[in-house]
Amino acid sequence: MKHKILFLIIILLPLYLNAIEFNYEKINEFAIGGNYDGDGKIIVEFPYMYVVSRYGLEIMNIDLETGNLQRINTLGLNGMGDTIVKKNNFVYIATWMDTEQIGTTDLYKIDVSDLENPQITDSITMDNSFRIAYLNLYNDHLIYHKKEEGYFTQLVFLNDETLEEITTFPINYLTKPINDTLFVAYDGLSWDTFNLYDCSDLDDITLIANIDLTASAIGGGFIQQIDENTIGRAANEGIPFWDISDIENWDLITDFYTATSCTKFGGFTKVSDYIIVPQQIWGIEAINISDIQNPYSTCFWEFPEDLLYPFSIITSNIVHWNNYLYLGTYDKGIYKFSFIDGIIEYENYYINHPRNHGSSKIYNNYMFTSTTTDGVYVYDISNVDNSELAYTLIDSCRIRKLEINSERLFTYYYDRDTHLDRLGIFNISNPVNPQLLSDILIPGINKSVIFNENEPDAFYIHYYFDSPKIVKYDITEPTDPQIVLEYSLPVESGLGFFHEGYFYFLDNAQSYQDLYIYSGFEDNEPELAYIINNFGPAYYIFVKKLDNYLIEGSHTAPDKFYEFENPVNIVEKFTIDNLSWGSYINDNILFSPYMSTVRLYDLSDDPTGQLTYFDYFNGYSSYSSLNFFSQNDQKYFFYVQEECISTYEYTINAISEEEINLMDFSLTNYPNPISSTTIISYSIPNYINSHNTIKVEIYNIKGQLVKQFSSIGGSTSGGIIPNSKLLINEVVWDGKDENGKQVPNGIYLYKLSIGKDKIVRKMVLLR
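Sequential numbering of the sequence shown, starting at 48, is according to the numbering used here.
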């Protein structure tokens, strides 16, 4: 589906209406992988596994004999998958995007009766005021926890057929089911006291009892049902077991101390006479509870060193089928274990594609993409409609950064076997058959590989914290890199960069940071050329180069763009909010990602002041990088995300209308920003009103019409100003569209049209 976006730039009268027309169409997706770590990500209904990842829904087949997994279908969803619930032939998935004012949280209902063709049958989208979290089924009703400003505030019951809200219930933290009709919630007074509620009648959710669990010596943790008469509570030191046969008066059975005293994040999985308990950082413990008064450990499987974040936040994220356990992980796919007679044995892991990580580059119809676990993945993109994996480099390693410079691929990576950082240099003049030129150890910490565009046969290592220095390697003979310069820097710094042979870095040692500018590195005789004192306003800023701009990024203030008039004269041009480190400029448009959203800014007319994005588009998962590519006179960009790569075709057109003299017109609104309603006022020459159609139209930032007010000739309700040739009028906008639906917060354009004449202003809706 193509999206047509019209951005109107507002200039003081006399008025020009300038526009950028940005059209884009998604062509395909490839490199689909998954982050399976988190609460409620996996459901097994043999012979199928339903998984929500940051890409969306994945459906896998489970082999009857071996328990092995094979993915049979995927369905991409906007945002990052949070939780999955299945009821009958439908799965329900909550996704979220942490994208500031343009953020949303979505709930999807998906028909999976035809596994070859899963279909979204319904969905609801919330604005950025809250997040849908932790789906579940209570009393056979779909529920979610509403999370507002980081806090859980309501338990929401939905009709699973229509997704309409049935009722809400106030909470102050997560709730947990005890059985089909009962659930517990913290009472807000102590982590060891709960309220027990009956939700069998949704019109009257009733408090049954106050539960005090202070009799256990092991405090904290989440309650989880084991059977009809027993619950467990996974806490840091262990698991207390409670008899709940008298539902209003729970009796402590015993305290069981687990193999480690680290955080359990409240979860375990019951398998026959065992519970399986993952323990942060360390591993997974199997506990025999056939005699609940005397539980005992039967096995502890330690996490390997290369398994990052193998735990989830709330529950164990371990499911079982037959004699197998499946553990969803952050970046290593789904681990499969055999589980027989209380013994856990690792068998295999399933990763459809490793998570993309940080950087990707295109060279001669090939795209080189870094991954978190499996080296560099190289794709043949000569046919953009069907990009294919060609080969991999530096397998089984975490790629920190990759760069292409002068027909050479530089791969800065972490070797998991030696736990050391290395730099691999490949000749990719023939990208079909890359040749390893050298692979060198890069000692030390807090460092990065940087390049000077004037030196194709050199690279630098910038050590920017302890013992700050810059080390230059000569690769004239690329099979034998040589250190030709090691230069100590006077202060601890942020990450530096080169521009036209000069080296720039920011002093991080004081509250008002100075910008240091060095020359002479090309001659191996560096010297301080200039210092711009107090360049940074406060701590926690960074500088980087983007095209011909120096960017000062801040965590607390708008990010500033400076232009290099000469190497030591840097002039501030404009600011934007929340610039990403991975931003790009292409075709006079700044592409600035934020989480799973990319915002677009127009740079075509030498902008100044505070810029506002004119459009944005969302991906399926967290942003990694962008690559721009042309083929057969058509432009494309590859949106590389953590869990997939999306291919877009795009066009950009500049549009300019003739100048319109509107000195006799006015258009304002008050209040602005808008919290509920605003009054849009305008004045026009009275003679025009007598024979022209007058329209006030409201557009969203994409150029889509939201609301229209119109009148013909003298039918307006305004009046002539005494002793004036002007007529005034006003309309009231309540923040709703033509269908009476509240529109989301954001920037809106309102336009006054009188015949062919028009004037445009901007307003902000912020409830």
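Beta carbons: idealized from backbone N, C-alpha and C, even for Gly.
Bear in mind the structure is a predicted one, so any value in this text is a computation, not a measurement.
Residue-level contact to chain C via CB, residue i, 8 Å cutoff
i      : result
Pro573 : Although the question refers to chain C, the structure presented lacks it and comprises just one protein chain.
One or two residues paired with residue i in a DSSP bridge
i      : result
Trp289 : Ile278 and Leu299
Cys346 : Ala333
Leu325 : The residue asked about is misnamed: residue 325 is Pro in this sequence, not Leu. Ile331, per the DSSP bridge assignment.
Pro217 : Gln201
Gln688 : Tyr670
Thr130 : Ala141
Ile806 : Leu799
Thr228 : Thr228 pairs with nothing; no bridge assigned.
Ile190 : Asn183 and Phe204
Ser693 : Glu76 and Tyr686
heavy atom of the ligand SAH below 7 Å from residue i C-beta
i      : result
Thr261 : For the structure depicted, the ligand SAH is absent and the ligand set is empty, with no information on it obtainable.
Endpoints, the beta strand (DSSP E) within which residue i is located
i      : result
Ala180 : Arg178 to Tyr185
Gly405 : Asn403 to Tyr410
Ala505 : Ala505 to Tyr510
Phe582 : Looking at the DSSP string, Phe582 is not in any beta strand (DSSP E), and its letter there is neither H nor E.
Ser601 : Tyr596 to Ser601
Gly375 : Tyr371 to Gly375
Tyr609 : Asp606 to Asn613
Leu553 : Tyr549 to Leu553
Glu619 : Asn616 to Ile623
Met414 : Tyr413 to Thr418
Cβ neighbour criterion (16 or more within 10 Å) applied to residue i
i      : result
Leu260 : buried
Ile58  : Bear in mind that a pLDDT of 30 at Ile58, under 50, signals an unreliable position, so the model cannot answer this.
Leu796 : buried
Phe512 : exposed
Arg447 : buried
Arg814 : exposed
Phe93  : exposed
Gln678 : exposed
Tyr382 : buried
Met710 : Bear in mind that a pLDDT of 47 at Met710, under 50, signals an unreliable position, so the number given afterwards is only what the model happens to contain. By the neighbour-count rule (16 or more Cβ atoms within 10 Å), Met710 is not buried but exposed.
Thr168 : exposed
Gly666 : buried
Gln755 : exposed
Ser476 : exposed
Asn82  : buried
Tyr343 : exposed
Ile443 : Per the sequence shown, residue 443 should be read as Ser rather than Ile. Exposed, because fewer than 16 other Cβ atoms sit within 10 Å of the Cβ of Ser443.
Asp298 : exposed
Leu812 : buried
Integer-rounded CB distance, given that residue j should sit under 8 Å from residue i
i      : j      : result
Gln688 : Pro605 : Their Cβ separation, rounded to whole angstroms, is 26 Å, which puts Gln688 and Pro605 out of contact at 8 Å.
Tyr396 : Gly380 : 5 Å
Leu456 : Ser417 : Contact doesn't hold; Cβ gap of about 11 Å is too wide.
Ile336 : Ile322 : 6 Å
Asn674 : Phe685 : 4 Å
Ile23  : Ile741 : Within the shown structure, residues of the chain are numbered from 48 to 814, placing residue 23 beyond reach of any answer.
Asp649 : Phe638 : The Cβ separation is near 12 Å, so there is no contact.
Ile508 : Ile492 : Not confirmed; about 12 Å, so no contact.
Leu597 : Ile617 : 6 Å
Glu284 : Ser308 : 5 Å
Met642 : Met144 : 6 Å
Where residue i falls: helix, strand or coil (DSSP)
i      : result
Asp527 : coil
Glu539 : coil
Phe847 : No answer is possible for residue 847: it lies beyond the span of the chain, which begins at 48 and ends at 814.
Asn708 : Residue confidence is low: Asn708 scores 41 on pLDDT, short of 50, so the model does not pin down where it sits. No coordinate-derived value is stated.
Val431 : helix
Ser630 : coil
Asp521 : strand
Phe661 : coil
Arg463 : coil
Phe315 : coil
Asn635 : coil
Thr172 : strand
Gly389 : coil
Gly268 : coil
Thr209 : coil
Ser100 : coil
Asn501 : coil
Lys494 : strand
Trp238 : coil
Ile702 : Note on Ile702: pLDDT 48, under 50, position unreliable in the model; no value is reported.
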